[in-house]
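**Q** Counting with my numbering, you get residues 295 to 624 for the letters of the sequence shown.
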Amino acid sequence: MVAKKIYLFVFGMLISVIGTAQGDSIDYMEKKNTELLKKEQKNLDFQQYFFDALAQKAIGNYDKAIVALENCQKVYPNDKALNFEFGKNYFAMEKFLEAEEFTKKALFIDPNNYEILSLLKNIYNKQQNFKAALDIQKQLAAQNIDEKIDLVLLYIKNNEVDEARTLLRELDEKGLLTDTLMPFKETILQGKISQPVKEHIAEGGKYEDFTIRQLKQAFESEKSFESLKSLLAELLNKKEFLDLDKYSKSGIELFPAQPLVYLMSGTALNNTKQYKDAIPVLEEGLAYLIDNTTMEAEFYDQLSLSHKGTSNNVVATEYLNKAKNIRKKL
295 MVAKKIYLFV
305 FGMLISVIGT
315 AQGDSIDYME
325 KKNTELLKKE
335 QKNLDFQQYF
345 FDALAQKAIG
355 NYDKAIVALE
365 NCQKVYPNDK
375 ALNFEFGKNY
385 FAMEKFLEAE
395 EFTKKALFID
405 PNNYEILSLL
415 KNIYNKQQNF
425 KAALDIQKQL
435 AAQNIDEKID
445 LVLLYIKNNE
455 VDEARTLLRE
465 LDEKGLLTDT
475 LMPFKETILQ
485 GKISQPVKEH
495 IAEGGKYEDF
505 TIRQLKQAFE
515 SEKSFESLKS
525 LLAELLNKKE
535 FLDLDKYSKS
545 GIELFPAQPL
555 VYLMSGTALN
565 NTKQYKDAIP
575 VLEEGLAYLI
585 DNTTMEAEFY
595 DQLSLSHKGT
605 SNNVVATEYL
615 NKAKNIRKKL
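What follows is the structure in structure tokens.
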């Protein structure tokens with residue numbers, strides 16, 4: 295009888311322990327499932343916002359893309375792809391300080407990422423920080439031999455003529471010189487202007503002053519839109535408006551559907567006080583413009599100047615307000 299009581303007591307204790315263990319196991323599984331569901335929901339939320347950002351960027355709605363990325367940021371604050379997308383959108387909006395900040399964050403996570411390095415190089419170029427761009431370009435060239443072409447150009451922009459010459463010689467020996475670099479081969483590599491360059495630099499000048507001639511030669515040789523863009527940008531930067539007028543008009547003949555050449559032509563005409571002639575050129579360029587609000591604002595700026603120059607102040611103010619309203623949304 296005593297043995298039976300002991301058996302029943304032990305059996306009851308075992309049932310109690312097993313029941314408690316099963317209860318703990320169920321609680322643990324429920325907690326684990328809840329955590330997994332939360333994690334899955336976070337991933338879904340991130341993906342939804344991220345794809346929305348990509349879709350908005352694809353149609354040029356960069357401000358809306360930024361909002362979607364900010365929602366992503368609330369889910370995963372320091373994601374590499376997220377920071378990279380921030381950088382690309384701010385770059386497209388020409389907000390280069392913000393673009394640099396986020397691109398550097400992405401690069402910190404993945405220091406050798408080719409695409410991220412390329413974006414950062416482009417940001418530095420837009421800021422005319424050619425020294426920083428050169429440092430990045432060296433890393434790109436180490437990964438891709440084709441990047442050595444741009445490395446030559448950045449050596450030139452940094453007045454590092456000897457380095458440019460050495461690299462030009464290397465590319466020439468390997469048969470990798472492009473049409474863009476051929477004019478530099480005829481000058482730097484053959485030493486035709488090396489001494490004047492050194493004298494110019496010694497007097498406090500910059501090698502960049504020589505690049506317009508090279509860009510003209512490249513454009514005349516290639517007749518490509520890319521070479522024309524580089525030339526027009528440098529002419530505008532140097533305020534050489536007569537040449538800007540000449541080459542932008544050549545661009546209109548060669549690339550009649552490219553709005554940039556009309557904008558450059560109108561800008562040149564305004565700066566040479568040919569306001570009346572600038573108006574139809576700018577209006578025609580606007581007709582070719584698609585989904586580029588930044589350039590649209592620049593067109594309105596120039597149209598405002600044109601109409602002001604022809605004493606049509608009412609229309610000038612209208613265009614100025616259009617430009618301001620666009621930039622408020624950027």
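Think of the CB as a built atom: it goes at the ideal place given N, C-alpha and C, for glycine as much as any other residue. For clarity, every value in this text was computed on a predicted model and none was experimentally measured.
1. Buried or exposed: Gln-431, going by 16 or more other Cβ atoms within 10 Å of its Cβ?
2. Can you tell me the Cα-Cα spacing of Ser-488 and Ser-524, whole angstroms?
3. Taking 7 angstroms as the cut-off, is the beta-carbon of Leu-376 closer than that to any non-hydrogen atom of the ligand SAH?
4. With a 10 Å radius around its C-beta and 16 neighbouring C-beta atoms as the bar for buried, classify Ile-450 as buried or exposed.
5. Quick check on the burial criterion: 16 or more other C-beta atoms within 10 angstroms. Buried or exposed for Phe-598?
6. Taking Ser-542 and Ala-562 to be in contact with their CB atoms under 8 angstroms, please state how far apart those CB atoms are, rounded to whole angstroms.
7. Could you tell me whether the Cβ atoms of Lys-623 and Asp-357 are closer together than 8 angstroms?
8. Can you give me the Cβ contacts of Ala-315 inside the same chain, cut-off strictly under 6 angstroms, excluding the 5 residues immediately before and after it?
9. Got a sec? Which residues, its chain only, sit under 6 angstroms from Phe-380 by beta carbon, not counting five neighbours each side?
10. Please report the distance separating the alpha-carbon of Asp-537 from that of Leu-529.
11. Under a Cβ-count criterion, where at least 16 other Cβ atoms within 10 Å of its own Cβ denotes burial, should Gln-350 be classed as buried or exposed?
12. Relative to the C-alpha of Tyr-384, which candidate in Glu-547, Phe-344, Asp-456 and Asn-355 has its C-alpha closest?
13. My output table needs one value for Asn-607: the three-state DSSP class, helix, strand or coil.
14. Terminal residues of the continuous alpha helix (DSSP H) containing Ala-551?
15. Could you give the distance in angstroms between the alpha-carbon of Val-555 and the alpha-carbon of Gly-579?
**A** Looking at the coordinates:
1. So Gln-431 counts as buried.
2. At Ser-488, the pLDDT of 41 sits below 50, so the modelled position is not reliable and the matter cannot be decided from this model.
3. Ligands displayed in this structure: none; no statement on the ligand SAH is therefore possible.
4. Buried is the label assigned to Ile-450, since at least 16 other Cβ atoms lie within 10 Å of its Cβ.
5. This sequence places Ser at residue 598; Phe is not what is there. Buried.
6. Yes, they are in contact, since the Cβ atoms of Ser-542 and Ala-562 sit about 6 angstroms apart, within 8 angstroms.
7. Yes, the pair counts as a contact, with Cβ atoms nearer than the cut-off.
8. With a pLDDT of only 49 at Ala-315, under 50, the local geometry of the prediction cannot be trusted, and no value is derived from it.
9. Cβ within range, chain order: Leu-363 and Phe-396.
10. Linking Asp-537 to Leu-529 through their CA atoms gives a straight-line distance of about 7 angstroms.
11. Buried, by the Cβ-count rule.
12. Among Glu-547, Phe-344, Asp-456 and Asn-355, the Cα nearest to that of Tyr-384 belongs to Asn-355.
13. Taken through DSSP and simplified to helix, strand or coil, Asn-607 comes out as helix.
14. No alpha helix (DSSP H) holds Ala-551; DSSP gives it neither H nor E.
15. Note on geometry: alpha-carbon atoms of Val-555 and Gly-579 lie some 8 angstroms from one another.
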